[in-house]
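Since the structure comes first, as structure tokens, the remarks are kept for the end.
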DNA sequence: CGAGGTTTACGCTTATAAGACGAAAACCCG
DNA sequence: CGGGTTTTCGTCTTATAAGCGTAAACCTCG
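Chains as they are written, first to last, in our numbering: chain A, 1 to 230; chain U, 1001 to 1230.
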């Protein structure tokens, strides 16, 4: 029995976040065709033959933003509700993308940044995807070094705190942020300090993330194994 | 421009775990056809037209195990490497399934349980999927109440500890396990105690999980917001 | 019926991590 | 040089987890 299996179309989508104007914003483009003509949508598009999902989302992102500016990209989930597209049977694999706050990539005229706090009407199930992506980001800020993808190469603790505040949506004290990140070994001072600005005040020390690859802090593994004694 | 997008085949797969004989084991079946004829493989199969991925994996699991015994099922990731199937362009969405330790579901003759510690040669990329699923399980044991899906409705602390030991692969002290889980409010004593067995010893108290739905402990959100003062 | 063995339960102590707070440091401006 | 501002650092308090020892509750066997 060699029946032909059913084949759905498949798209890759990405919720690309950047902290702008003190808030978390996501990249959207305005659809010019039905369905959902005129609504805003996530960047993405059809998977090409023999193409990897990650290659696909990178290819489609290229049309909306310089993909070199996307500091982090990870798969979230695959959505398969048959009614998610009104006209065809289409699966969607959602990605989370992050852009550092010190760049302002050029985007086409149909594309722009929108605060996640006040999203316009979105096409398909894209609103749910954006909110799920934000939850993933918030969770990972706690137990990984994913903050490196939101921050410039060098930054002061106040600037980093502002990024965390924007992404997490609640206050963060710079003191504790420093201790937590330094203890985990993901943050280190560069040794230099910024020339003080026009407002005065003590010139802040500059910090950087030690490694620009995603790392999970295993410190949150409660019931962890007993220390291997030397 | 209304080009036809490319369409891959799509399968759902599940790494179904159960603690058996003191170790974590996964459900495998032996392939009778090429490719990978004779190798062991994860349960799963083609996605049917207009079928949800979760419905698909449940349908395929039915052929290998009583799906009613699967206490937890969650999506892991979607794999799209074009070379993962030697003959066709096939995507795969992997699931993690858990079966409580007090049941022994009937399985077909081509299907059996295998210790994750010593897997036989597996077809396709199924070995990686099993190991990734185990990592997900281990992580979630620390910050969710997912243990309910591995444990019987009622259990002693020693039994629960044995389940955690088997799943985590390292020692766990019953004292700390109890304190951690009770503090999080996921575990509660039933009030009854088990009649003592033939070995003697103090009869243990019986416990149960409060809620059989997956819950995430937000306690691991470091840098959490300041307490809302009343 | 009591001693010894076994398993569970519980409380005390120690270690570590996080949050709160205030003082000191380092700069600007007038 | 004094006042204002921002950063930095240390300390105190609280919360959580781990280690450990002892008590409790049951069995069996002599």
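No residue lacks a Cβ here, since even glycine has one placed at the ideal position from N, Cα and C.
Given a threshold of 16 other Cβ atoms within 10 Å of its Cβ, counted over all protein chains shown, does residue i qualify as buried or as exposed?
i                      : result
residue 160 (chain A)  : buried
residue 149 (chain A)  : buried
residue 228 (chain A)  : Residue confidence is low: residue 228 (chain A) scores 45 on pLDDT, short of 50, so the model does not pin down where it sits. No coordinate-derived value is stated.
residue 1026 (chain U) : buried
residue 1120 (chain U) : exposed
residue 230 (chain A)  : Low local confidence applies: a pLDDT of 33 at residue 230 (chain A) is under 50, so the model's placement there is unreliable, and no value is given.
residue 60 (chain A)   : buried
residue 171 (chain A)  : exposed
residue 1086 (chain U) : exposed
residue 1032 (chain U) : exposed
residue 1065 (chain U) : buried
residue 151 (chain A)  : buried
residue 1067 (chain U) : buried
residue 216 (chain A)  : exposed
residue 1034 (chain U) : exposed
residue 153 (chain A)  : exposed
residue 44 (chain A)   : buried
residue 58 (chain A)   : buried
Is it the case that the Cβ atoms of residue i and residue j are separated by a distance below 8 angstroms?
i                      : j                      : result
residue 138 (chain A)  : residue 116 (chain A)  : no
residue 1015 (chain U) : residue 1096 (chain U) : yes
residue 107 (chain A)  : residue 70 (chain A)   : no
residue 12 (chain A)   : residue 56 (chain A)   : yes
residue 114 (chain A)  : residue 24 (chain A)   : no
residue 1020 (chain U) : residue 1110 (chain U) : no
residue 1122 (chain U) : residue 1041 (chain U) : yes
residue 186 (chain A)  : residue 155 (chain A)  : no
residue 76 (chain A)   : residue 146 (chain A)  : no
residue 1082 (chain U) : residue 50 (chain A)   : yes
residue 1009 (chain U) : residue 7 (chain A)    : yes
residue 177 (chain A)  : residue 193 (chain A)  : no
residue 84 (chain A)   : residue 125 (chain A)  : yes
residue 94 (chain A)   : residue 129 (chain A)  : yes
residue 1204 (chain U) : residue 1158 (chain U) : yes
residue 223 (chain A)  : residue 1180 (chain U) : yes
residue 1036 (chain U) : residue 5 (chain A)    : no
residue 54 (chain A)   : residue 73 (chain A)   : yes
residue 234 (chain A)  : residue 118 (chain A)  : The structure shown does not extend to residue 234 (chain A), since chain A is modelled only from 1 through 230, so no value can be given for it.
Name, in chain order, the residues that DSSP records as bridge partners for residue i.
i                      : result
residue 79 (chain A)   : A:92
residue 16 (chain A)   : A:97
residue 985 (chain U)  : Limits of chain U in this structure are 1001 at one end and 1230 at the other, which puts residue 985 (chain U) out of reach.
residue 1114 (chain U) : U:1026
residue 128 (chain A)  : Answer by DSSP bridge pairing: none, since residue 128 (chain A) is not bridged.
residue 1103 (chain U) : BP columns for residue 1103 (chain U) are empty, so no partner.
residue 1122 (chain U) : U:1040
residue 1070 (chain U) : U:1099
residue 60 (chain A)   : Paired residues: none, contrary to the question.
residue 1065 (chain U) : In DSSP, residue 1065 (chain U) forms no bridge with anything.
Using a threshold of 7 angstroms, is the CB atom of residue i nearer than that to any non-hydrogen atom of the ligand HEM?
i                    : result
residue 48 (chain A) : No copy of the ligand HEM occurs in the structure displayed, which carries no ligand at all.
Minimum length 4: unbroken alpha helix (DSSP H) runs contained in the stretch 143-210 of chain A: 157-168, 174-183
field: Interface positions of the stretch 1154-1168 of chain U facing chain A (Cβ-Cβ less than 9 angstroms), listed along the chain
entry: 1164, 1168
message: Just to confirm the assignment: which complete beta strand (DSSP E) runs, minimum length 3, are found wholly within the stretch 15-49 of chain A?
response: 23-30, 44-46
message: Against chain A, which members of the stretch 1068-1080 of chain U pass a CB distance test of less than 7 angstroms?
response: 1075, 1077, 1078, 1080
message: So if I threshold CB-CB distances at 7 angstroms, which residues from the stretch 1169-1199 of chain U count as touching chain A?
response: 1170, 1171, 1172, 1176, 1177, 1180
- prompt: Which of the residues in the stretch 1090-1109 of chain U, read from start to end, lie with their CB under 8 angstroms from any CB of chain A?
  reply: 1091, 1093
message: Which residues of the stretch 6-18 of chain A have a Cβ closer than 7 angstroms to any Cβ of chain U? Give them in chain order.
response: 6, 7, 8, 9, 10
task: Report the residues of the stretch 1028-1062 of chain U with a CB closer than 9 angstroms to any CB of chain A, ordered along the chain.
output: 1045, 1046, 1047, 1048, 1049, 1050, 1051, 1052, 1053, 1054, 1055, 1056
query: Got a sec: which bits of the stretch 107-128 of chain A sit with their beta carbon under 7 angstroms from any beta carbon on chain U, in order along the chain?
result: none
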